[in-house]
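J.: Supplied in structure tokens, the structure appears directly below.
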Amino acid sequence: MKIKQISVFLENRKGRLWKALNVLSNAGVNIRALSIADTSEFGILRMIVPEPDLAEEKLAENNFVVKVNEVIAVEVSDEPGGLDAVLGLLNNADVNVEYLYAFVEKKTNKAIVVIRTEDLDASIKVLEEGGVTILSAEEVNML
Amino acid sequence: MIWNEKAECMSVQEREELQLKRLQEVVKQAYNNVPYYRDRFDQEGVAPEDIQTLEDIQKLPFTSKSDLRDAYPFGMFAVHGDDIIEVHTSSGTTGKPTVSGYTEKDIDIWSEVMARALSMAGATRKDVIQNCYGYGLFTGGLGVHYGTQKVGATVIPISAGNTQRQIEIMQDFQTTIITCTPSYALYLAEVLEKEGIDTDDLKLKAGVFGAEMWTEEMRNEIERRLNLSALNIYGLTEIIGPGVAQECEVKDGLHIFDDHFYPEIIDSTTLETLPDGEKGELVLTTLTREGMPIIRFRTRDITALRRGECDCGRTNIKMDRITGRSDDMLKIRGVIVFPSQIERALLKIPGMEPVYQIVITRPHQLDELEVHVETSPALFSDEVKHVEQVKKSIEKQIHDEIGLRVNVNLVEPESLPRSEGKAVRVVDKRHLN
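What follows is the structure, given as structure tokens:
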């Protein structure tokens, strides 16, 4: 099961991250998970939000370059070795991970890991076969 | 549509005879009535009688922009002020502006050459021409205006700016031909797309675009997005304004109205006249202008000339699209670079807007060239390596075009300066002086 992720191009300039988040705040969009990839010249802000279409629209209106794409969110136990097991499965199946980011859920004892790989379908298959719980968009947003 | 078949399709011999006769007259008039020319000719030891053939023009001294500036305001006029019925000036961004004065006959000539230009874009009495060139001291607005009236088309003297209004008028008045700078045409396309206006619902058939340099790729982009035929017009205030040369529907060079303006190409360093087909600086002499005859004006524009009959039937000398200016020609690490080359490289990349800014620095005794370009959804990805690949492919395109390594910096959309006239494309921070 894939979920939508929203990515935003950020110029390496003072106030741009704040401006992007401010647009979302004004639109009443809650950010469930967030990561920033930064290079010396630009950044990419990646987020999981309950309303990706609304977020995309509002950001585009404010001249941000936005891309919506798919990632997978898996649940791992919040204890040593939790992520190791998941990555081990992907590694054994020879699936290359582009990036990932994690957030800890306060209401449960689980951590959520957002993963982007070269081949999402293959990854889902490997993870499901390995008994990893893959979360739907609703599940990620309800946690 | 050929407006003046006699003037535009005459034989080579007929044309040269006419040009020589007119050249002799204009040189005489300049020498007799403009102290500046009399002094310069005397200094160079050349007299009007020395002009026996068209090649003899090479004996005459050049006129530069600074010569005109020194004559500010009316020092170049060849007639009494009472006979001047209109004045225009160039922008004057680099000092005092230069003044251009017109007699009644000069305005007639201007209307005539502009009528020829607009006819090349298919203008007839039936057309509605939306003139988005600025009205005022700038020659663009009134030049097109006079030509439109000569043709008998309907002119909408809307002038530059106020894009919302431009679009509203374009829809309501069923504009068929639009005249503006090519960068403004692209801006219009952008706004039309943003507002979801389908160009099929507009009546636009042609655009006459000029007053700044543009490329073949930019023409394709404008034609596709505005759904019209985009034609190049050339002119300059010092010579008359727009209407020195215009592209016909063949789109293979601009026809110079050479019964009124005599072109030459020179090497801008050695000042030697170059043969047809060779790239160099365009030099123009007005053949018929009364109010302010201009002898061998160095335009600083880089082009090449070609002779021969065009597929459209015209026999005027043709000039290539301007590819640079000998004064905004950039020298980076000793290599000659024109901003238009960078634009051409950018337009080869799908999804790329031709909005860019070139920044030149010299951090450690060596020039560094940085090109800022705006990102678009087509270029962007959630993965750093993809965005970096895009950046590298842009750098490679530019490298292939100019032969220099550059650093491309991706910036957010709408963050680079856009102007409704000429855009600021080059920022030179080298402080060489």
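From first to last, the protein sequence lines stand for chains A and B.
So the number in our numbering is just where the residue sits in the first sequence, counting from 1, plus 21.
So the number in our numbering is just where the residue sits in the second sequence, counting from 1, plus 8.
Glycine included, each C-beta is placed from N, C-alpha and C at the ideal position.
Every value quoted in this text rests on a predicted model; they were computed, and no experiment measured them.
1. What three-state label does DSSP hand B:TYR141 in the structure shown?
2. So, does the CB of A:ILE65 fall closer than 9 angstroms to a CB anywhere in chain B?
3. Chain B beta carbons: is any one of them nearer than 9 angstroms to that of A:ALA58?
4. In whole angstroms, give me the CA-to-CA distance for B:ARG442 and B:LEU62.
5. Note down, in chain order, each residue of its chain lying with its Cβ closer than 6 angstroms to the Cβ of B:PRO56, except the 5 sequence neighbours on either side.
6. Does the CB of A:VAL86 have a neighbour CB from chain B at under 9 angstroms?
7. Would you say B:VAL363 faces chain A, with C-beta separation under 9 angstroms as the test?
8. Rounded to whole angstroms, what is the Cα-Cα separation between B:GLU246 and A:ASN90?
9. Would you say B:ARG306 and B:ILE274 are within 9 angstroms of each other, going by their C-beta atoms?
10. I believe B:GLY215 touches B:LEU236 by the beta-carbon criterion, under 8 angstroms. Please report the beta-carbon distance rounded to the nearest angstrom.
11. Please tell me whether B:GLY429 has its Cβ less than 9 angstroms away from any Cβ of chain A.
12. Return no unless some Cβ of chain B is closer than 9 angstroms to the Cβ of A:ASN162.
13. Quick check for students: name the residue ranges of the beta strand (DSSP E) that lie wholly in the stretch 63 to 123 of chain B, counting only runs of 3 or more.
14. By how many angstroms is the C-alpha of B:ARG232 removed from the C-alpha of B:GLU112?
15. In terms of DSSP beta bridges, what is B:ILE185 paired with?
16. Apart from the five residues just before and just after B:SER276, which ones in its own chain have a Cβ nearer than 7 angstroms to its Cβ?
17. So, for B:ASN441: in the same chain, excluding its five sequence neighbours on each side, which residues have a beta-carbon less than 6 angstroms away from its beta-carbon?
18. Quick check on this structure: which residue in B:SER401, B:ASN170, B:PRO421, B:SER348 has the alpha carbon closest to the alpha carbon of B:LEU196?
19. What residue from B:ASP75, B:GLU33, B:VAL381 has the CA that sits closest to B:ASP58's CA?
20. For B:VAL199, return the contacting residues in chain A, with the cut-off set at a CB-CB distance below 7 angstroms.
21. Can you check which of these residues, B:GLY155, B:GLY332, B:ILE185, is closest to B:ILE117 by C-alpha distance?
22. According to the Cβ coordinates, are B:PRO69 and B:ILE303 closer than 9 angstroms?
23. Within 8 angstroms, do at least three Cβ pairs link the stretch 74 to 90 of chain A to the stretch 111 to 126 of chain A?
24. Interface residues of chain A around B:VAL392 at Cβ under 7 angstroms?
25. Less than 9 angstroms between the C-beta atoms of A:LEU75 and A:ALA41, yes or no?
26. Using the three-state DSSP reduction, which class does B:HIS394 fall into: helix, strand or coil?
27. Run through DSSP, which three-state label would A:ARG34 get?
28. With a cut-off of 9 angstroms, does the C-beta of B:LYS399 fall near any C-beta of chain A?
29. In its own chain, which residues sit with a C-beta less than 8 angstroms from the C-beta of A:ASN43, not counting the 5 before and 5 after it?
30. Report all residues from its chain with a CB closer than 6 angstroms to the CB of B:VAL434; omit the five preceding and five following residues, and keep chain order.
31. List the whole-angstrom C-beta distance separating A:MET22 from A:SER157, where the pair is believed to meet the contact cut-off of C-beta under 8 angstroms.
32. Starting from B:ASP309 and walking both ways along the alpha helix (DSSP H), at which residues does that stretch end?
33. Contact between the stretch 399 to 419 of chain B and the stretch 347 to 362 of chain B: three or more CB pairs below 8 angstroms?
T.: In brief:
1. Reading the second sequence from its first residue, position 133 is the one you call residue 141 of chain B. Reduced to three states, the DSSP call for B:TYR141 is coil.
2. Taking the first sequence and counting its residues from 1, one reaches residue 65 of chain A at position 44. Yes - at least one Cβ of chain B is within 9 angstroms of the one on A:ILE65.
3. Working through the first sequence from its first residue, we reach residue 58 of chain A at position 37. Cβ-Cβ to chain B under 9 angstroms: yes for A:ALA58.
4. Past the edges of chain B, shown from 9 to 441, lies residue 442 of chain B, and the structure says nothing about it.
5. One-based indexing of the second sequence puts residue 56 of chain B at position 48. Here the set comprises VAL35, LYS36, TYR39.
6. Within the first sequence, the letter at position 65 stands for residue 86 of chain A. Cβ-Cβ to chain B under 9 angstroms: yes for A:VAL86.
7. Taking the second sequence and counting its residues from 1, one reaches residue 363 of chain B at position 355. B:VAL363 has a beta carbon lying at 9 angstroms or more from every beta carbon in chain A.
8. On the second sequence, residue 246 of chain B is found 238 positions in, with the first residue counted as 1. On the first sequence, residue 90 of chain A is found 69 positions in, with the first residue counted as 1. Whole-angstrom Cα-Cα distance: 55 angstroms.
9. As a working note, residue 306 of chain B is residue 298 in the second sequence. As a working note, residue 274 of chain B is residue 266 in the second sequence. Their beta carbons are under 9 angstroms apart, which means B:ARG306 touches B:ILE274 by this criterion.
10. On the second sequence, residue 215 of chain B is found 207 positions in, with the first residue counted as 1. On the second sequence, residue 236 of chain B is found 228 positions in, with the first residue counted as 1. Rounded, the Cβ-Cβ distance is 5 angstroms, consistent with contact.
11. Here residue 429 of chain B refers to the residue found at position 421 of the second sequence. Low confidence applies here, because B:GLY429 scores a pLDDT of 48, under 50, leaving its location unreliable; read the following figure in that light. At a cut-off of 9 angstroms, the C-beta of B:GLY429 has no neighbouring C-beta in chain A.
12. Start at 1 with the first residue of the first sequence, and residue 162 of chain A comes out as number 141. Residue-level contact by beta carbon fails for A:ASN162 and chain B, as no gap is shorter than 9 angstroms.
13. Counting whole runs of 3 or more residues, the stretch 63 to 123 of chain B contains the beta strand (DSSP E) stretches 94 to 97, 107 to 110.
14. The residue given as residue 112 of chain B occupies position 104 in the second sequence. The residue given as residue 232 of chain B occupies position 224 in the second sequence. Each residue's CA atom was taken as its position, placing B:GLU112 and B:ARG232 some 41 angstroms apart.
15. The residue you call residue 185 of chain B lines up with position 177 of the second sequence. For B:ILE185, the beta-bridge partners assigned by DSSP are B:ILE137, B:ALA214.
16. The residue labelled residue 276 of chain B in the question sits at position 268 within the second sequence. GLY288, GLU289, SER334, listed in sequence order.
17. Here residue 441 of chain B corresponds to residue number 433 of the second sequence, with the count starting at 1. Note on B:ASN441: pLDDT 43, under 50, position unreliable in the model; the coordinate value appears next. Within the same chain, B:ASN441 has no close Cβ partners at all.
18. Along the second sequence, read from residue 1 onward, the residue named residue 196 of chain B stands at position 188. The residue with the shortest Cα to Cα distance from B:LEU196 is B:ASN170.
19. As a first step, residue 58 of chain B is located in the second sequence; it is residue number 50 there, counting from the start. Nearest option by C-alpha distance: B:GLU33.
20. On the second sequence, position 191 is the one that residue 199 of chain B refers to. Within 7 angstroms Cβ-Cβ: nothing; B:VAL199 doesn't reach chain A, min ~14 angstroms.
21. Position 109 of the second sequence, counted from the start, is the residue given in the question as residue 117 of chain B. Closest in C-alpha terms to B:ILE117, from the list B:GLY155, B:GLY332, B:ILE185, comes B:GLY155.
22. On the second sequence, position 61 is the one that residue 69 of chain B refers to. On the second sequence, position 295 is the one that residue 303 of chain B refers to. Yes, the Cβ-Cβ distance between B:PRO69 and B:ILE303 is below 9 angstroms.
23. Judged by Cβ distances under 8 angstroms, the stretch 111 to 126 of chain A makes no contact with the stretch 74 to 90 of chain A, as fewer than three pairs qualify.
24. Taking the second sequence and counting its residues from 1, one reaches residue 392 of chain B at position 384. Near B:VAL392 (Cβ distances below 7 angstroms), the residues of chain A are ALA58, THR60, ILE65.
25. Taking the first residue of the first sequence as 1, we reach residue 75 of chain A at position 54. Taking the first residue of the first sequence as 1, we reach residue 41 of chain A at position 20. It is not a contact, given that the beta carbons lie outside the stated cut-off.
26. Residue mapping note: residue 394 of chain B aligns to position 386 of the second sequence, counting from 1. DSSP places B:HIS394 in helix when its eight states are reduced to three.
27. As a position in the first sequence, residue 34 of chain A is number 13, starting the count at 1. In the structure shown, A:ARG34 sits in coil (DSSP, three-state: anything other than H, G, I, E or B).
28. Position 391 of the second sequence holds residue 399 of chain B. The beta carbon of B:LYS399 falls within 9 angstroms of a beta carbon belonging to chain A, placing the residue at that interface.
29. The residue labelled residue 43 of chain A in the question sits at position 22 within the first sequence. By the criterion of a C-beta distance shorter than 8 angstroms, A:ASN43 is surrounded by no residue of its chain, once the five residues flanking it on both sides are discounted.
30. Against the second sequence, residue 434 of chain B aligns to sequence position 426. If the five residues before and after B:VAL434 are omitted, its C-beta is found closer than 6 angstroms to the C-beta atoms of PRO347, ILE366, all from its own chain and listed in chain order.
31. For the purposes of this step, residue 22 of chain A is identified with residue 1 of the first sequence, where counting begins at 1. For the purposes of this step, residue 157 of chain A is identified with residue 136 of the first sequence, where counting begins at 1. So it is a contact: roughly 5 angstroms between Cβ atoms.
32. Taking the second sequence and counting its residues from 1, the one referred to as residue 309 of chain B is at position 301. Counted as a single uninterrupted DSSP element, the stretch harbouring B:ASP309 is not any alpha helix (DSSP H) but the beta strand (DSSP E) occupying residues 305 to 311.
33. Because the criterion of three Cβ pairs below 8 angstroms is met, the stretch 399 to 419 of chain B and the stretch 347 to 362 of chain B touch.
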